[in-house]
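Letter by letter, the sequence shown follows residues 1 to 1181 in full-length UniProt numbering. Where a beta carbon is used, it is the ideal one built from N, C-alpha and C, also for glycine. For clarity, every value in this text was computed on a predicted model and none was experimentally measured. Shown next, in structure tokens, is the structure this report addresses.
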Amino acid sequence: MAASSTIDFESINEKAANSDFVVSRTCTPSSVIGVHEVEVYEFEKPAVDEARDSAPRKSRGLLSPGSAVTATIAVIKATLGAAALSSTYAMVSGGFIFGISLLVVMCVLMVFSLEMIVTSMEITGKTSYAELVPHLFGNAIGYWFQAPVLVFCIGAGSSYLITVTDILISLFDAVVESDTWYGTLLTRRIYLSLLVLVLILYPICLVKKMSSLRYLTLVSIFGIFYLGFVGIFLLASEGVSSDFTDGTVTFYAPTGWVSCLGAANTFIFAFCNQCNIPDIYMEMSDRSPKKFRLVAAWASSACLFIYLLICICFMLVFGSEVESSIILNMSKFIPEGNAVVIIGLMLSAVAYIGLLVLVQEVAVKAQPPSSKKWDQACRDVMKRDSYCMFYKDDSGAVCHGSDPPIPCGPANTANLPIIPPPPGFDECRRLHPSEGRTILQVLDDNDENNFLWGKTDDITKCLNSLSITNFNALFTLHNLKYGLAETYSFVDIANGLNNSVESNTCGFKKYSLDVDINGFIDGKIKEYSDALDPMTPEEQKSFLMKSIPAAHFHLALQREVNRLNDAHTLYLPPLGSFYYVLPIRFNSGMMDGAQIVTLDMLPDLENRYSEVYGRKATIHKNGDIIVAVDGKPVLEWMQEMVSDDGPYVGIYQGSLQRLNSVFFVTAVLQRSVRFNPPPEEPLNITFADGSTETINWLARVSDYTKSVGDDAVSTLFFDALINTNPLFDRTVKFETEFYSKKDGSLWSLADESSTNGFDREVMNRLATSQLGVHTREELTASTYTRLALEASPGVSETTVNWTQGVGFQYALLDDTVVVFVPNFVPGRTEEEELYKGFSKVQDFARENNVTRLLFDVSSNGGGSVLSTWALHVNFNDTIDQFFEENPNLVGDPGFIHERFQQLYLLVNYAERLLSTPGDPAGVEAPEVARLKEIEKMILSESTASDRAKSFHVFLKGRSFLDKNSTLGRQLLPQHGWYLFDGSELVQPTTWQPFDPPLSQFTDYKVREWGKPSNYSARGVWEFCNSLLSETMSEIVEPNYDKNYWTDVAFVTDGNCGSACSDFTQVLQLTGKATAFNFGALADQPMDVASFGGGFVYEYDDITSLLNIASHLGYWATFGQAEWSKERKNSWLNKPIPFPSSARARYTWSLDFAPRLGQDALPRQFYIIPPHKHLNMWARNL
């Protein structure tokens, strides 16, 4: 791993405060700086005039790239077009008085429209017309806008190509013999069009900047202007048309509405250049709306002049005989050898070649990615308001206010200004207790690490100094593409949920969700691809081995996945060693009919705060009323924190559930970097007495000194820790050896991860321990949080006599039996999972003569729901086809032996990949012995046909794995392939397997949910039938009466998710129970559940098996399956372990609520309110 470099952001900020040199925003991609997807903020416009004067310029001459003259020429070029040839005809047919007037009006409107565009660009930061439209008018209009732009580009390009061909044909007809081969080539439209397109237009379209074509642009503009000279020449030589001399002219005014509209269309098109303006404006070195107004005025005046000159001259010469294109009128003079006209035709051809190139530039450049991703990255780096913009000295994108400039795109990584740290400077080493900046907390029950508590700024500086190579970043993106973005079951629904065509029987409203996770990951990969493509192999290697800030990279991915608001689908960065917590928390209640927020101090965290900051966190006391935080009303601030743009986005679908969980349910107000970004500023809390106090966050980092020694508190160690994953090293080693991927590919960089000098075995153990954290960090991990939990208000065990059951507890409260269900993971056995013993609750109720039952499922995070869904793998047909096409090869002993040798490698690889780290390496897997006997038997066949037949049976029977082994049963189900198994779901009406097998997937249905996509038939769990008819009857006590309860209810705090969501929806939607919830905002009911049920896969739990299954499928089908061939040249086309200790999880199946109807969305996306919302707040009941 390449050593990281540290940027002194404080020095940069200090300099930038004195010299803001940025004049505009852009949306150039970024991987150098990690980014967050947020709405674009509106900033006070910087004083750019002084900045422009102080900034160096590369634009020196009139025609230098980026000069105002070059921009004026580009606007003229973008404006002049085919209208110059057809406007004369439009003026004659539509009336020349009307035509001249309309040309003048369109000229003025052009100036105003261009000024509006560039002003909007400055305000919004959008740098293309395609971005500007959806930002100003919404995504719906933006999507509709794409089609006209595409039609315009294709139509205008085709029109110009036809025009150029017509001009050349008229010339070649006069100079070549049409019956020769070259005459045919130069006078037949189809051949000449192809020649012009391939030999002239396509090479010119490959330039990257329009300013590179400024000289061709000059010639093109001259060609159009020369047409005006031709008109003057013809007027002088041919005279005025008889239509004017004999007084018969009739085209002063339009001849009818049709001709009027046709003329108006032509004149409007004559000044149509708006799509090109953002690109022209962004290439100006010294740009502003005011300066561009002059550019627009000069350009529009020049265009008006040439249009009027051409129209009036040709109209006077030809009168009513004007053709639809003046090229047709001019071609009549070619046989006469009129040199002026011939030169005019030749220059016209050149002119329209240049104009076509501009059309192609629009098509290519009008679709940049959204700037809001990179704006936030600049804010993160600058620690103040900033945004990503084109540096006026070059085309590179930099952060506004950075001096020296900080690039915000991967292509500019080489130019990243690195300010070297002082010798021996290490931001993480400063956290060593000997430096006096941190307080050591010894964890006696932990053999690996202790904790270091310190100030937020100090620990965040350590976090921000950690790095990841571009190579590992790119690997991570590919893993997320194939292992999350393409397998998350809600991916298409989330991409525009509000656009879903759906209905539900209860009329429930949908959540608002619009996240294109596929597009986001693809866009990030494309950023790297665009940066790498023009590089040489050596430059690529150098670029990929450079380090970028790890926190910014990982937190950008974390935030985008969090925006899905699905606790089952997360990206957990390898930054779990960093943790932040407030020494106070917030309580809530009602006073005088209004909700209030009060202070709740946590004594032990308060003591830790005093140790770290040298003072008390607050002089106020418990119960003091808080009215504002950071200058905003406290409840408004809380809503902002949990909004889709806030730091607590994610986990739960609704912001009300998030608000309740973050502020009023969770024991402490925390930021675990595994789930949320670190805090940037302390909180300024205003109390009802008018005083305001600043309360800092406490920060904590893990100290692994007891595992690796004193050097554990260092950047080198944390870099090694977050970038180590032994599973990744094993997988890469096999991929490069088995597929010979290493030479000449990016895999040549995938060497064993560096441990920076630390013991590899220890680092692998620590990394594996990090990977073992499957769920949200337990708050009880620290003494202080444990005490915070004990201090939580609510019903204590001393006030209520609880009886313990398996997975639940129950007690009598007034005339109701309350059953508390903390989660739906009651035990390991089937009986425990089915809550055997629940009948005792009814016995308890009978003893106390009560018939009311209340389930308390507040903060129930769910549990186990078994499910799967998959795709069909066309396995047998591919094998049959290969055998038919290669009859001699498949019976060849050498070929069969080679295939078995590869199979042995695969099986041994599977054994090592699934083994526990530290197991003996190099030992042959037991399965290999069985396979060697099979190979021996196949090769013993006397003829090639018999060997081929046996080999064919071996492959189609999938005998390359023992189906009785654990691995065989997982990878090779009876039907399909791992994860493509259809055995768990059965038909909902007959409770029988789908027939034919896997037809629930092959006979899919297109649903317009979010982005239209294919969905399998609905099924029910196969185990439910036997469970309901057999198992439950054995578990339920004979004396249990399902009709005993007169009233059933449940209560939640909005944190009931996953299997708890299934539990509550059944009770509520069947009308069996009354639903209550409490918390969040007063009088605002929230969804009874926080996220829907479904089957969840932990990325690392299934990646190894999926990796092996894909290798076996590739091997068994000889790499000839369609999927394999499509991705043959992809350097990475399957999920493999992360190159770091990052984790991911995602929802694999969709759970529906049948009571909502066949056209309803999955339960996850509906807001199902309770029957009653209670204005009460409690951390536990």
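Judged by DSSP in its simplified three-state form, Glu122 adopts helix. Judged by beta-carbon spacing, Leu570 lies within the 9 Å limit of Asn562, meaning their Cβ atoms are closer than that value.
For Gln670, the enclosing beta strand (DSSP E) covers residues 670–672.
In this structure, Gly1079 sits near Trp1177, with a CB-CB distance shorter than 9 Å. For Lys510 and Val649, the gap between their C-alpha atoms comes out near 18 Å. Three or more Cβ pairs closer than 8 Å define a contact, and the stretch 811–820 meets that threshold against the stretch 849–859. Between Cys428 and Phe112, the CB-CB gap reaches or exceeds 9 Å. According to DSSP, Phe855 shares a beta bridge with Val819, Phe1050. About 15 Å separates the beta carbons of Ile619 and Thr598, which is beyond the 8 Å limit, so they are not a contact pair. If you ignore the 5 residues before and after Glu693, its C-beta comes within less than 6 Å of the C-beta of Thr618, Ile685, all in its own chain and listed in chain order.
When the Cα atoms are used, Ala78 and Leu161 turn out to be separated by approximately 16 Å. Excluding five sequence positions before and after Gly968, the CB atoms of its chain that fall closer than 7 Å to its own CB belong to Leu961, Asp962, given in chain order. Taking a contact as a CB-CB distance under 8 Å, the pair Leu955 and Cys506 does not count as one, their CB atoms being some 52 Å apart. Sixteen is the threshold: since fewer than 16 other Cβ atoms of the shown chains lie within 10 Å of the Cβ of Ala594, the residue is exposed.
Put simply, the backbone Cα of Val1006 is about 5 Å away from that of Ser1013. Bounds of any alpha helix (DSSP H) do not take in Gln809; it lies within the beta strand (DSSP E) bounded by 809–813. Put simply, of Ile596, Ser1141, Thr476 the residue whose alpha carbon is nearest the alpha carbon of Asp624 is Ile596. Residue burial annotation: Gln670 is buried, with at least 16 other C-beta atoms found within 10 angstroms of its C-beta. Gln987 places its beta carbon 9 Å or farther from that of Pro996. If you ignore the 5 residues before and after Tyr488, its C-beta comes within less than 7 Å of the C-beta of Ile517, Thr569, Tyr1146, Thr1147, all in its own chain and listed in chain order. DSSP places His952 inside the alpha helix (DSSP H), whose first and last residues are 944–956.
Per the C-alpha coordinates, the member of Ile651, Phe895, Leu463, Ser643 positioned closest to Ile722 is Leu463.
Between the stretch 221–230 and the stretch 302–318, the count of Cβ pairs shorter than 8 Å is three or higher; the stretches touch. Taking C-beta atoms as the reference points, Lys455 and Tyr613 count as a pair closer than 9 Å. For the options Ser1058, Ala1073, Pro549, Asp1062, the alpha carbon positioned closest to that of Asn1043 is the one of Ala1073. The C-alpha of Phe664 lies about 7 Å from the C-alpha of Phe586. In this structure, DSSP gives Phe1095 a state outside helix and strand, which the three-state scheme calls coil. Counting of Cβ neighbours within 10 angstroms places Phe137 among the exposed residues, the total staying below 16. Taking the CA atoms as reference points, Ile326 sits about 12 Å from Ser320. In the three-state reduction of the DSSP assignment, Thr72 falls in the helix class, which pools H, G and I. Taking Gln274 as the centre and dropping the five residues before and after it, the same chain places the C-beta of Ser113, Leu114, Ile117, Tyr129 closer than 8 Å to its C-beta, in chain order.
Tyr1097 has its alpha-carbon roughly 60 Å from the corresponding atom of Ala83.
The shortest CA-to-CA distance from Ser324 to any of Val133, Tyr609, Ser959, Ser93 is the one to Ser93. Spanning the alpha carbons of Val219 and Met346 requires a straight line of approximately 11 Å. By the Cβ neighbour-count rule, Thr1046 is exposed, with fewer than 16 other Cβ atoms within 10 Å of its own. With the rule of 3 Cβ pairs closer than 8 Å, the stretch 434–451 counts as touching the stretch 698–711.
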